[in-house]
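Below you'll find the structure, written out as structure tokens, and then a few comments.
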Amino acid sequence: MDAKRILTFLRRLKAHNERSWFQEHKKEYEAVRADFERGVQQALERIVTFDASIAHLTVKDCTYRFYRDTRFSNDKSPYKGHFGAYIAAHGKKGLHGGYYLHLEPDHCMVACGNYWLPTNILTSCRNEIMANTEEWLRCVQSPEFLKYYGSQADSSFKTPTDVSSWDQPQGFGLEKLKTCPSGFPRDWEHIDYLRLKDYCCWHRVADDFYQGDGWLDETERMFRAAKPMMDMMNAVIDDYE
């Protein structure tokens with residue numbers, strides 16, 4: 033991908049997020065979107081080598097509309113400020129976890145996993161973690177996982193609000209309960225994993241990360257590091273889909 037060109041367009045759009053400017057620069061938008069979609073196709077071809085479940089997906093299945101739905105938002109900017117692709121076997125709207133690519137000026141990242149899970153599914157996931165603790169710890173405490181996504185023992189996971197953020201350089205769990213979930217033992221040794229409200233992990237990357245084709249090797253390593261965790265949770269979540 034030509035990440036420099038894509039991000040330059042997005043920076044300019046941020047300063048002129050209005051229909052008149054966008055229409056004047058529509059050809060530039062179409063060119064950078066086509067470039068991004070070529071990158072998504074490359075990612076699909078790479079991921080399928082270690083996750084055959086996504087073999088049926090096309091680029092269109094994984095990418096999003098660039099036009100914002102402003103009906104229920106105070107922000108009436110008509111266009112998004114990023115390009116994103118979610119590569120998930122059950123589709124973009126499914127609960128089954130997948131792989132995410134995100135290009136945004138000063139906020140590029142790679143992510144993997146499941147988010148926005150209903151309470152009943154979260155309860156089942158927590159039960160699975162407790163029932164198979166050793167397997168879970170092998171997934172989330174492997175050297176590869178810790179390298180890219182960090183540990184629940186990190187101080188960053190124990191902030192006063194107990195809500196982690198995409199703004200952190202890396203992380204595991206976008207949102208967490210302040211206390212132990214109902215029905216689970218408060219004194220369990222690995223209680224921090226039960227407090228998670230999602231199983232999403234992410235790693236922020238520099239703006240030039242996606243430039244060229246070299247990003248594919250490092251992205252594959254990130255996805256492979258997170259896949260065992262995601263597979264374990266997907267095995268539970270898929271029973272509900």
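Quick note: our numbering has the sequence shown finishing at residue 273, numbered continuously throughout.
Quick reminder that beta carbons are idealized off the backbone N, C-alpha and C, glycines included.
Quiz prompt | I86 vs I119 beta-carbon contact at 7 Å | solution = yes
Quiz prompt | Bridge partner(s) assigned by DSSP for G182 | solution = Its beta-bridge partners do not exist; DSSP assigns none.
Quiz item: So, are the CB atoms of R43 and P175 less than 7 Å apart?
Solution: no
Exercise. In the DSSP assignment, find the unbroken beta strand (DSSP E) run with C144 in it and report its ends.
Key: 140 to 146
Quiz item: Does the distance from the C-beta atom of M264 to that of C140 stay below 7 Å?
Solution: no
Quiz item: How should H48 be labelled, buried or exposed, when 16 other C-beta atoms within 10 angstroms of its C-beta is the threshold for buried?
Solution: exposed
Exercise. Consult DSSP for A238 and reduce its assignment to one of helix, strand or coil.
Key: coil
Quiz item: Taking buried to mean at least 16 other C-beta atoms within 10 Å of its own C-beta, is W247 buried or exposed?
Solution: buried
Practice problem: With a cut-off of 8 Å on the beta carbons, I'd call E273 and L149 a contact; round off their distance for me. | Solution: About 11 Å; that fails the 8 Å criterion.
Quiz item: Out of E62, K208, M254, A257, which has the shortest C-alpha to C-alpha gap to A151?
Solution: The identity of residue 151 in the sequence shown is Thr, whereas the question assumes Ala. For T151, the nearest C-alpha among the options comes from K208.
Practice problem: Kindly indicate the opening and closing residues of the beta strand (DSSP E) around I119. | Solution: 115 to 119
Quiz item: In or out: K89 buried (at least 16 other Cβ within 10 Å) or exposed?
Solution: Here residue 89 turns out to be Leu, not Lys, going by the sequence shown. That one is buried.
Self-check item: For G130, the first and last residue of its enclosing beta strand (DSSP E)
Solution: 130 to 135
Quiz item: So, using beta-carbon positions, are A117 and T81 closer together than 7 Å?
Solution: no
Quiz prompt | Contact between the stretch 91 to 108 and the stretch 225 to 238 (3+ Cβ pairs under 8 Å) | solution = no
Exercise. Under 8 Å Cβ to Cβ from V72, same chain only, skipping five residues before and after it: list those, please.
Key: V91, C94, T95, A117, I119, L133
Quiz item: To the nearest angstrom, how far is it from the Cα of L135 to the Cα of P201?
Solution: 15 Å
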